[in-house]
Each structure stands twice: as structure tokens, then as C-alpha cells.
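Numbering (our numbering), first residue to last: 73 to 396.
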């Protein structure tokens with residue numbers, strides 16, 4: 073018996089001698105044996121790593137990978153069988169699971185039958201669940217941890233509503249945002265029932281929540297209206313500016329005149345398009361630099377540069393002597 077057992081060093085030496093002077097990959101007979109075991113349903117893990125209760129590994133993972141590199145066609149068939157065997161092993165593992173066998177008749181706690189209306193199949197995971205246990209857990213949630221109690225108190229001191237903390241509905245109204253939720257409502261209200269001091273703190277902090285929420289809602293409503301008005305005004309300016317020809321040098325000033333007329337009620341919004349020519353004519357009368365003359369010379373702007381290569385303007389050389 074003792075002679076049959078090998079020490080660790082002896083087993084390492086035997087493994088070394090087994091593969092000494094063997095070319096990379098697997099010999100032909102070993103490759104055939106490897107494929108045969110895959111065909112019989114053995115998994116890649118058992119053949120390359122071994123496991124308890126099974127025969128030792130047939131080859132090392134490195135030799136298997138090298139053999140796949142040297143023989144691509146053999147590798148394709150081997151990997152196909154290996155994937156199929158792995159899936160079959162997973163299914164068998166699930167079927168033979170201890171917990172699956174235990175819950176065929178009763179729930180995990182051994183209290184309720186797992187049949188009829190008490191059995192629920194989770195549509196996302198396919199797992200079986202006991203509805204009676206779920207209902208008991210919902211009616212008896214765990215108490216809140218001290219860190220969570222402190223967080224809830226801080227949020228209440230900041231003016232955050234209970235709806236935001238428990239359901240994710242923003243304080244003052246708005247679309248539900250799950251990321252705003254910090255505590256499950258069942259856990260929160262259970263803590264209020266079992267902790268009078270915590271419940272008293274909540275009652276004191278939410279006494280004026282209704283009026284605070286209304287103020288926030290009204291402020292947000294006003295902000296939305298004002299934002300809409302500002303956007304409409306910005307759009308109006310672009311629309312009115314587009315009514316004037318691009319070649320018209322005073323189009324921006326004329327557009328401002330239109331806005332002034334709209335604000336003082338001397339112009340109706342629906343009449344703007346028909347009055348564009350009048351505003352152009354009015355602007356030309358007020359700034360007739362392109363048409364009016366001073367003597368035999370055209371009337372020019374005092375802001376016009378005197379020379380092309382200089383920055384001096386006509387206005388810098390004007391004196392009262394021109395008019396006195």
C-alpha cells in the first residue's frame with residue numbers, strides 16, 4: 073500500500089518523464105483519445121485539469137492550446153464538442169442541485185407547499201419562489217440601519233420630501249427618478265412603527281411639507297413660463313430679423329424698432345410682415361448717409377475712417393466752426 077503511493081516529488085518526476093522529448097501538442101493516439109472522451113460527453117475542464125472523483129487530467133491546458141494551434145480543423149471540432157458538453161453539464165448541475173430537490177415540494181424554510189397559487193416563476197430568471205414567504209417578508213421588513221436613519225434625517229433637514237426618499241418623486245413634483253430613492257417605503261414605515269423617537273422626528277419635520285412643496289411647484293411653474301417666454305422672444309427676434317433683406321445695412325436696428333413697436337402696442341404681431349418696408353424707409357430717413365448730401369458732397373458718417381491705412385475718423389476732426 074505504501075509502495076503504491078507516490079510522494080509529491082516522485083509524481084512531479086513521473087509527469088516530467090511522461091512528456092520528456094515529446095513534440096509540442098499531443099501525439100496522434102492521445103489526440104484520438106481526447107476526441108473520443110469529448111464525444112462521450114466529458115468536459116474540457118476534466119480533460120485538461122482533472123477533478124475529484126475523476127481520472128487525472130489527460131493533458132495540460134497548455135498542450136491542448138498548442139495542439140489547437142497546430143491543427144485548426146481538429147480544434148474546431150474539439151471546441152464545438154467542448155461547448156456542448158459544458159452546457160449539458162450546467163443543465164445537469166441545475167437538475168441535481170440540492171436546493172432544487174429540496175424545493176420541489178416545500179419552500180426553502182420547509183413551511184409552505186411549492187404548488188398551485190403559492191408558486192411563482194420569476195419571468196426574468198426563471199427561478200421558483202414561494203409567495204407566502206414573500207408576503208411574510210413584505211409585512212416584516214428589517215429595521216433600518218443607524219447610518220440610513222442618519223441619512224434620512226439629514227435629507228429631511230434639507231427639505232427633501234418623503235416621496236422623493238421612498239419613491240423617487242422629486243420634491244415639488246416632476247417625473248419619478250429611481251436614482252433619488254434612498255430607502256424602501258416598507259422598510260421606512262416599519263421603522264416608524266417600531267421606533268417612536270424616529271417617528272416623532274419625522275412628524276415634526278414634515279409638518280410644513282405641504283406648503284413647502286406648493287412653493288416649489290409654483291416656483292418651477294413660473295420658471296417654466298419665463299423660460300418659454302424668453303425662448304419665444306429669442307425666436308421672434310430671429311424671425312423678424314429674417315424679414316429684412318440681408319443686403320440692408322440697418323436690418324438689426326430696424327428689427328429693434330419693430331420690437332419697440334410691439335412692446336408699446338403700436339404694432340400688432342400679425343402686421344409685422346406688411347410693415348417691413350415702412351420700417352426700412354423710416355430707418356433710411358433717420359440715417360440717410362447713402363442718399364442725403366451736404367452741398368455737392370454726399371452726407372457721410374462721422375464714424376467713417378478718413379484714410380484706408382489709418383484709424384482716424386471724421387468725427388475726430390469736426391469742430392463747431394463747421395456750423396457756427
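Backbone N, C-alpha and C fix where the C-beta goes; we use that ideal spot for every residue, glycine too.
Nearest candidate by alpha-carbon position, reference residue 106, set 79, 232, 355 and 151: Across the set 79, 232, 355 and 151, the C-alpha of 151 shows the shortest separation from the C-alpha of residue 106.
Counting beta carbon pairs with one atom in the region 196-210 and one in the region 173-185, are three or more of them shorter than 8 Å? When C-beta atoms of the region 173-185 are compared with those of the region 196-210, three or more pairs fall below 8 Å, so the two segments count as touching.
Between which residues of its own chain and residue 343 is the CB-CB distance below 7 Å, once the five residues before and five after are set aside? Result list for residue 343: empty, nothing under 7 Å.
Kindly indicate which residue of 205, 323 and 271 has the alpha-carbon position closest to the one of residue 221. Just measuring C-alpha positions, the residue of 205, 323 and 271 sitting nearest residue 221 is 271.
Around the Cβ of residue 224, are there at least 16 other Cβ atoms within 10 angstroms (buried) or fewer (exposed)? So residue 224 counts as buried.
Based on the DSSP secondary-structure assignment, which residues constitute the bridge partners of residue 385? Residue 385 is bridged by DSSP to 377.
Can you list, in chain order, the stretches of the alpha helix (DSSP H) that have 4 or more residues and sit fully within the region 199-254? Entirely contained in the region 199-254, the alpha helix (DSSP H) runs reaching 4 residues are, in chain order, 203-211, 218-229 and 234-239.
Using a Cβ-Cβ cut-off of 6 Å (strictly less than) and excluding sequence neighbours within five positions of residue 329, which residues of its own chain qualify? 351, listed in sequence order.
Quick test of the definition: if touching needs 3 or more C-beta pairs under 8 Å, does the region 181-199 touch the region 228-241? Too few Cβ pairs lie closer than 8 Å, so no.
Backbone secondary structure at residue 144 - three-state DSSP: Helix, per DSSP.
For residue 269, count the other beta carbons within 10 Å of its own beta carbon; 16 or more makes it buried, fewer makes it exposed. Which is it? Around the beta carbon of residue 269, fewer than 16 other beta carbons sit within 10 angstroms, so the residue counts as exposed.
Excluding five sequence neighbours on each side, which residues of the same chain lie with their C-beta closer than 8 Å to the C-beta of residue 323? Here the set comprises 313, 316 and 317.
Given this structure, state the Cα-to-Cα distance separating residue 383 from residue 321, to the nearest angstrom. Distance from the CA of residue 383 to the CA of residue 321, rounded to the nearest whole angstrom, comes to 21 Å.
Reference residue 358, options 266, 140 and 326, closest by Cα: When only C-alpha atoms are compared, the closest one is 326.
Measuring straight from C-alpha to C-alpha, what distance separates residue 45 and residue 295? Only positions 73 to 396 of the chain appear in this structure, which leaves residue 45 out of reach.
Please look up how many angstroms separate the CB atoms of residue 258 and residue 210, rounded, as I've assumed it's under 8 Å. Sure, about 6 Å apart at Cβ, within 8 Å.
Going by C-alpha distance, which of 319, 297 and 331 is nearest residue 310? In terms of Cα proximity to residue 310, the closest of 319, 297 and 331 is 331.
Quick one: give me the first and last residue of the beta strand (DSSP E) that residue 109 is part of. Counted as a single uninterrupted DSSP element, the stretch harbouring residue 109 is not any beta strand (DSSP E) but the alpha helix (DSSP H) occupying residues 100-111.
If contact is defined by three or more beta carbon pairs under 8 Å, each pair taking one atom from either stretch, is the region 110-120 in contact with the region 128-135? Yes, since at least three Cβ pairs between the region 128-135 and the region 110-120 fall closer than 8 Å, the two stretches touch.
By the 10 Å Cβ neighbour count, where 16 or more other Cβ atoms means buried, how is residue 227 classified, buried or exposed? Counting Cβ neighbours within 10 Å, residue 227 comes out buried, since at least 16 surround it.
What are the partner residues of residue 192, as DSSP defines its beta bridges? In the DSSP assignment, residue 192 forms a beta bridge with 201.
With respect to the alpha helix (DSSP H) encompassing residue 349, which residues constitute its N-terminal and C-terminal limits? Counting along the chain, residue 349 sits inside the alpha helix (DSSP H) bounded by residues 348-358.
Give me the DSSP bridge partner(s) of residue 185. Answer by DSSP bridge pairing, in chain order: 178.
Using a Cβ-Cβ cut-off of 6 Å (strictly less than) and excluding sequence neighbours within five positions of residue 388, which residues of its own chain qualify? Around residue 388: no qualifying Cβ.
Distance, Cα to Cα, residue 195 vs residue 251? Spanning the alpha carbons of residue 195 and residue 251 requires a straight line of approximately 24 Å.
Since residue 139 contacts residue 97 with CB under 8 Å, what's their CB separation in whole angstroms? Between residue 97 and residue 139 the Cβ distance is about 4 Å, and since that is below 8 Å, they are a contact.
Between 229, 240, 213 and 153, which has its C-alpha nearest residue 275's C-alpha? Closest in alpha carbon position to residue 275, among 229, 240, 213 and 153, is 229.
The alpha helix (DSSP H) spanning residue 269 covers which residue range? Unbroken alpha helix (DSSP H) run through residue 269: 268-277.
From 111, 215 and 338, residue whose alpha carbon lies closest to that of residue 149: Nearest to residue 149 by alpha-carbon distance, out of 111, 215 and 338, is 111.
Mind checking which residues open and close the alpha helix (DSSP H) that includes residue 323? Residues 323-335.
What three-state label does DSSP hand residue 312 in the structure shown? Reduced to three states, the DSSP call for residue 312 is helix.
Is residue 243 buried or exposed, if buried means 16 or more other CB atoms sit within 10 Å of its CB? By the 16-neighbour rule on beta-carbons within 10 angstroms, residue 243 is buried.
Relative to the C-alpha of residue 264, which candidate in 254, 237, 341 and 215 has its C-alpha closest? If we check each option's Cα against that of residue 264, 215 comes out closest.
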